[in-house]
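Enquirer: Those sequence lines, one after another, are chains A and B. When you read off a place in the first sequence, starting at 1, and then add 18, the result is the number in the working numbering. When you read off a place in the second sequence, starting at 1, and then add 18, the result is the number in the working numbering. Don't be surprised by glycine CBs; every beta carbon is placed ideally from N, CA and C. First the structure, which I've put down as C-alpha cells, then a few questions once you've had a look.
2 protein chains.
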Amino acid sequence: MRYDEHLLKSLATSLLSRCGVPDQDALATSGVLVAAEMRGIPSHGLLRLNDYLRMLCSGRINSRPRMKLVHETVSTGTLDGDNGLGPVVARHAMELAIGKAGEAGTAWVAVLNSNHFGIAAYYAMMALEHRMIGLCMCNANPLVAPTFSAEGMLGTNPLAVAVPAGSEPPMVADFATAVIARGKVDLLHKQGLTIEPGFVQEPDGSPSEDPGVLGRGGAILPLGSTRQYGSHKGYCMAAMVDVLSAVLPGANFGPFVPPSVDWLPVKADLPGKGTGHLFGAFRVDAFRPGQAFLDAMDHWIQTMRSATPAKGHDRVLIPGDPEREAERRHGQTGVSIKPQVKEQLRHWCEKLKIGYPL
Amino acid sequence: MRYDEHLLKSLATSLLSRCGVPDQDALATSGVLVAAEMRGIPSHGLLRLNDYLRMLCSGRINSRPRMKLVHETVSTGTLDGDNGLGPVVARHAMELAIGKAGEAGTAWVAVLNSNHFGIAAYYAMMALEHRMIGLCMCNANPLVAPTFSAEGMLGTNPLAVAVPAGSEPPMVADFATAVIARGKVDLLHKQGLTIEPGFVQEPDGSPSEDPGVLGRGGAILPLGSTRQYGSHKGYCMAAMVDVLSAVLPGANFGPFVPPSVDWLPVKADLPGKGTGHLFGAFRVDAFRPGQAFLDAMDHWIQTMRSATPAKGHDRVLIPGDPEREAERRHGQTGVSIKPQVKEQLRHWCEKLKIGYPL
C-alpha cells in the first residue's frame, strides 16, 4: 500500500492538534515529517511522530511555545524556542534568517531551547525561493566518539546546504558527520548480523564488529572511520557543528544534548537550554549579480554531471539528486509506510479518538 | 640543524622582495609560510616558496596587485585579488571580513582572481584576537573524484574554523575534505611502496593500491573513501567548499581551478577568474554576551579533553592541539627544514644575489 502525501500530512496534523499543538504549528511539523518520507528518508519521517507525540503528552515538549528573539544584530539573531517542537522553532528561525539576509546580505540565526527538528535540508531549502543559499546545522545525542576517545561525546551532527541554480535544479547537500547512521547499525543488530570494521567501537574504544555494541556503551565512529582514513576530519566537522549550533546560542553541547525520546531521562545540571540549531541565509546577489551566479551554478552542475562515471556506475550524482528523484517518484505513486510506523499511527488514532485512515 | 622563525621569515621576505613584491606584502607572505612550518605543516610552508617565486618570475602571479572590492553589502564583500600572491589577497580579505563583522555582527568576503594561499587556519585565526569566530575555505586543483566519478573533478578543498575560548586555548580545526593529501601519496610512490585500499582509484574509477596512479590519470577519494563508508559525505563537503569559494565570487571551480605551479599550463576559456576563497567572521557577542560564550567554550573544550581515551591512546585531542604544540616546540628549539627545500632556497639566494643564511 502506498499513501498520498496529503493524506499523511492531514493525519499527522490531526494527531498533533489533538495533543494541544496549534493548527499552524501542527501543519508546519507534519509538513517537515512528510517531506522526509517523500524525499526517501523515512528515518526522519513519520517514525518520529510517535516520539514527538509522547514528548508532547508527557510535557517534555511545550505544545504552545512563546519563542523569543533574545539577542540580535543586523545580521544575527538568537532565538529561544521555549522548548517547542523542533520543526516549529526551526522554521521560524530560518524565516528570521531569510528576512535578515534580505536586509544585510547574509544572516545567521542560532537557536537554543529547541528539540529534534527532522531533516536539516528542509530548512536550508527554504532559502531557495528567495534566491538565497541556505545553511543549517544541528547537534544530536552523543553517539559518536571523537578520534582517540572511548566515549561517545558528539552527535551525528548534520550539516545541510542548499544552493539555487538557474535552469538546473538546486544543489542540496544534507549529510551527517558520522560514518554511519544509528538506524543502520540497529537494523543489522536486529537482523543478527555483524557489521564490517570501521563503523563502531567497543566501550573501551577498540574496534568492533558487533552492531549491538551501542546498547552496551560502544560508539559510532566519525566520518573517516579511523585516524589513518581521516576520522580526525570527521571529528573536526562534528565539533564545528556542535560549537556553532549549541555553544554559540547557549544550548546543550556534546554529551549534554537532551534525548529526543521520552523514555530516556534528561540529565540534571545541564550547561545550556535544550537542543541547539544554526540557520544561515546568503543572498547570492550579495556577492555578484544574481543571474551571473545562477548561470555559473548551472555550469557547475552540468560540469559535475558530465564527469565520466567510474567503472560499474551509470552516472555522477549532484548532491540532492537522489532525494529529488524520490520526491518525484513518491509524488506519482504515493509513499509506502512501514508496518511498525502504521501500527504506531493506529495506536495514536485510537488513543486520541481519530478515525485511522491508512 | 634547526632554524629560528625570524631567520626563516627574513630570508623568505628578502627573496620575495627581490622578485618585485612590496615589502609589506613580502612580509605578509613569509609570515603565512613560516607559520605553516612552525605549526608542523611543512607541505604548506617554505616548500611552496619555490612555486611562488617561479610564478612571480614568469609573470603568472602579479607581484603588485591592485585589489578591488567589486561588490558589497553591509555583511558581504567580493574582492578581486588582481592575480596577487594568495597570502596577500587572503589576509586583506580576512581583514575586510573582520571589519565588516565588527559592524554587522557577521560578515563574509569572497575572493576571485587569487592564487594558492598556504594554510587556511592562518586566516581563520586572524579573527581570534577580535573575539570572533573565523572561517575560511578554498578550492584547489582537481585531484579528487566525486563518488561514482572516474575523473578528479574537485580539489582537496580545505575548511578551517577558529573559535576563541576564555582561559583555554582556542579550538582551531583545519582539514581537507579528501581522504589523504597528495603529498602523502607521492611520498609512498617515491619510496616504491603500495598504498592501502580506500585512498586512490585507477583512471577508470576502479580501486587502486598504486600511489603512482595520480601521474597516470587516477584520482584521490573523498573523505569517507567509498560509498559504503560515506564518501558521498566527503563529496558533499568538497562540493560545498567549491561552490562557496569559487562559484559565489566568480572564480574558477572544480576542474577549471588553475594550477598553483608554473610548469603546468593554464587552460584556455576558463569560466572564472583565478582561484577562489571565502572568509567569514562571527562576532561571538552577536549571538550572546561575549564572556558567556567564552566560558561555555572553555567548558566545551574541558569536556572533550576529559573524555576517557580509547584503549592504546593517552588523551583526546581538541582540534588545534597538535599544531599549537608543534608551534610551542618549534618556538623553543627552532624548526628543521628538509634538504630539498634548503637546496631550493640556496638556489634562489644565488639567483637573486642574496647571502644564503641557512
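#1: Can you find at least 3 beta carbon pairs, one from the stretch 56–63 of chain B and one from the stretch 72–85 of chain B, that sit closer than 8 Å?
#2: Would you mind working out which of B:Y374, B:D287 and B:G349 sits nearest E361 of chain B, comparing C-alpha positions?
#3: Just by C-beta distance, which residues in the stretch 86–112 of chain A are closer than 7 Å to chain E?
#4: DSSP puts S132 of chain A in a beta bridge; with which residues?
#5: For L97 of chain B, which three-state DSSP category applies?
#6: What residues from chain A crowd round E169 of chain B, counting only those whose CB sits closer than 7 Å?
#7: Starting from the Cα of A168 of chain A, find the closest Cα among A:A237, A:P327, A:V359 and A:D69 and give me that residue.
#8: Mind checking whether L34 of chain B and S48 of chain B have CB atoms under 8 Å apart?
#9: Would you say A145 of chain B reaches chain A, if we count a Cβ-Cβ gap shorter than 8 Å as a contact?
#10: Going by beta carbon distance, what residues of the same chain come within less than 8 Å of P277 of chain B, once the five residues before and after it are set aside?
#11: Judging by CA-CA distance, which residue of A:W281, A:A256 and A:G292 is the nearest neighbour of N270 of chain A?
#12: Closer than 6 Å by C-beta to T212 of chain A: which residues in its own chain qualify, once you throw out the five before and the five after it? Chain order, please.
#13: Among residues of its own chain, excluding the 5 on either side of A304 of chain A, which ones have a beta-carbon nearer than 7 Å to its beta-carbon?
#14: Which chain A residues are close to H258 of chain B, counting only those with a beta carbon under 7 Å from its beta carbon?
#15: Could you tell me the boundaries of the alpha helix (DSSP H) in which D260 of chain A lies?
#16: For the structure I just gave you, are there three or more beta carbon pairs, one from the stretch 234–249 of chain B and one from the stretch 260–268 of chain B, closer than 8 Å?
#17: Under a CB-based cut-off of 8 Å, is V275 of chain B close to chain A?
#18: List, in chain order, every chain A residue whose beta-carbon is nearer than 7 Å to that of H207 of chain B.
#19: How should D43 of chain B be labelled, buried or exposed, when 16 other C-beta atoms within 10 angstroms of its C-beta is the threshold for buried?
#20: Assuming V197 of chain B and G216 of chain B form a contact by the criterion Cβ under 8 Å, report the distance between their Cβ atoms to the nearest whole angstrom.
#21: Using the beta-carbon count (16 or more within 10 Å), is K329 of chain B buried or exposed?
#22: Under the assumption that F5 of chain B contacts H295 of chain B (Cβ atoms under 8 Å), give the Cβ distance between them as a whole number of angstroms.
#23: Check each candidate in B:T94, B:S132 and B:R347 and name the one with the smallest Cα separation from K118 of chain B.
#24: So which of B:N131, B:N175, B:A108 and B:L172 has the shortest CA-CA distance to A142 of chain B?
#25: List, in chain order, every chain B residue whose beta-carbon is nearer than 8 Å to that of R347 of chain A.
#26: Determine, using beta carbons only, whether D287 of chain A comes closer than 8 Å to chain B.
#27: What residue ranges within the stretch 331–362 of chain B form continuous alpha helix (DSSP H) runs of no fewer than 4 residues, ordered along the chain?
#28: My guess is that L172 of chain A and A286 of chain A are in contact by the Cβ rule of under 8 Å, so how many angstroms apart are they, rounded?
#29: Pick helix, strand or coil for Q209 of chain A, following the three-state DSSP scheme.
#30: Are the beta-carbon atoms of F300 of chain A and I116 of chain A separated by less than 8 Å?
#31: Taking G233 of chain A as the query, report the chain B residues whose CB atoms sit under 9 Å from its CB, ordered along the chain.
#32: Between D222 of chain A and chain B, is the shortest Cβ-Cβ distance under 8 Å, so that the two count as touching?
#33: Would you give the residue range spanned by the alpha helix (DSSP H) that F311 of chain B belongs to?
#34: Just reading off the alpha helix (DSSP H) that C75 of chain B is part of, what are its end residues?
#35: Between Y140 of chain A and chain B, is any beta-carbon pair separated by less than 8 Å?
#36: Considering only C-alpha positions, which residue in the set A:M255, A:I355, A:G242 and A:P229 is nearest to L177 of chain B?
Expert: Working from what's here:
#1: No, they do not touch.
#2: The sequence position of residue 361 of chain B within the second sequence is 343, counting from 1. Residue B:Y374 is the option with its Cα nearest to E361 of chain B.
#3: Chain labels in this structure do not include chain E; the protein chains are A and B.
#4: The residue you call residue 132 of chain A lines up with position 114 of the first sequence. Answer is A:T293, bridged to S132 of chain A.
#5: Here residue 97 of chain B refers to the residue found at position 79 when the second sequence is read from its first residue. L97 of chain B: strand per DSSP, three-state reduction.
#6: Position 151 of the second sequence, counting from 1, holds the residue named residue 169 of chain B. Simply A325 and T326.
#7: As a working mapping, residue 168 of chain A is identified with position 150 in the first sequence. A168 of chain A has its Cα closest to that of A:A237, out of A:A237, A:P327, A:V359 and A:D69.
#8: Working through the second sequence from its first residue, we reach residue 34 of chain B at position 16. Working through the second sequence from its first residue, we reach residue 48 of chain B at position 30. Cβ distance < 8 Å, so L34 of chain B and S48 of chain B count as in contact.
#9: The count along the second sequence starts at 1 and reaches residue 145 of chain B at position 127. The beta carbon of A145 of chain B does not come within 8 Å of any beta carbon belonging to chain A, so the residue lies off that interface.
#10: Counting from 1 along the second sequence, the entry for residue 277 of chain B is found at position 259. These residues qualify, in order along the chain: N159, P283 and V284.
#11: Your numbering for residue 270 of chain A matches position 252 in the first sequence. Minimum Cα distance to N270 of chain A is reached at A:G292.
#12: Residue numbering aside, residue 212 of chain A sits at position 194 when the first sequence is read from its first letter. Closer than 6 Å at the Cβ level, and outside the excluded window around T212 of chain A, lie E227.
#13: As a first step, residue 304 of chain A must be located in the first sequence, where it is residue number 286. So the qualifying residues of the chain are G123 and T124.
#14: Taking the second sequence and counting its residues from 1, one reaches residue 258 of chain B at position 240. In the sequence on display, residue 258 of chain B carries Met and not His. Per Cβ cutoff of 7 Å: V179 and A191.
#15: One-based indexing of the first sequence puts residue 260 of chain A at position 242. From DSSP, the alpha helix (DSSP H) with D260 of chain A extends over S249 to D260.
#16: no
#17: Counting from 1 along the second sequence, the entry for residue 275 of chain B is found at position 257. For V275 of chain B, the answer is no, since every Cβ of chain A falls outside 8 Å of its Cβ.
#18: By one-based count along the second sequence, residue 207 of chain B stands at place 189. Under the 7 Å cutoff, chain A gives no residues; its nearest Cβ is about 18 Å from H207 of chain B.
#19: Indexing the second sequence from 1 puts residue 43 of chain B at position 25. Buried.
#20: By 1-based counting over the second sequence, the position of residue 197 of chain B is 179. By 1-based counting over the second sequence, the position of residue 216 of chain B is 198. Indeed, because the Cβ distance is near 7 Å, the residues count as touching under 8 Å.
#21: Within the second sequence, the letter at position 311 stands for residue 329 of chain B. So K329 of chain B ends up on the exposed side.
#22: What is shown of chain B runs 19 to 376, which leaves residue 5 of chain B out entirely.
#23: In the second sequence, the residue the question calls residue 118 of chain B occupies position 100. Comparing Cα positions, the closest option is B:T94.
#24: Here residue 142 of chain B refers to the residue found at position 124 when the second sequence is read from its first residue. Comparing Cα positions, the closest option is B:A108.
#25: Taking the first residue of the first sequence as 1, we reach residue 347 of chain A at position 329. The premise fails here: R347 of chain A is roughly 20 Å from chain B at the closest Cβ pair, so nothing lies under 8 Å.
#26: The residue given as residue 287 of chain A occupies position 269 in the first sequence. No, because no Cβ of chain B sits closer than 8 Å to the Cβ of D287 of chain A.
#27: 339–351
#28: In the first sequence, the residue the question calls residue 172 of chain A occupies position 154. In the first sequence, the residue the question calls residue 286 of chain A occupies position 268. About 21 Å; that fails the 8 Å criterion.
#29: The residue you call residue 209 of chain A lines up with position 191 of the first sequence. Three-state DSSP puts Q209 of chain A in coil, outside helix and strand.
#30: As a first step, residue 300 of chain A must be located in the first sequence, where it is residue number 282. As a first step, residue 116 of chain A must be located in the first sequence, where it is residue number 98. Annotated as distal: F300 of chain A and I116 of chain A, with beta-carbon spacing of 8 Å or more.
#31: Counted from its first residue, the first sequence places residue 233 of chain A at position 215. Within 9 Å Cβ-Cβ: nothing; G233 of chain A doesn't reach chain B, min ~18 Å.
#32: Residue numbering aside, residue 222 of chain A sits at position 204 when the first sequence is read from its first letter. Taking Cβ atoms only, chain B reaches closer than 8 Å to D222 of chain A, which makes this a yes.
#33: Here residue 311 of chain B refers to the residue found at position 293 when the second sequence is read from its first residue. F311 of chain B -> alpha helix (DSSP H) spans G308 to R323.
#34: Looking up residue 75 of chain B in the second sequence gives position 57. Here the alpha helix (DSSP H) through C75 of chain B covers L67 to C75.
#35: For this step, residue 140 of chain A is matched to residue 122 along the first sequence. Not closer than 8 Å to any Cβ of chain B, the Cβ of Y140 of chain A fails to qualify, so no.
#36: Counting from one through the second sequence, the residue named residue 177 of chain B turns up at place 159. Among A:M255, A:I355, A:G242 and A:P229, the Cα nearest to that of L177 of chain B is on A:M255.
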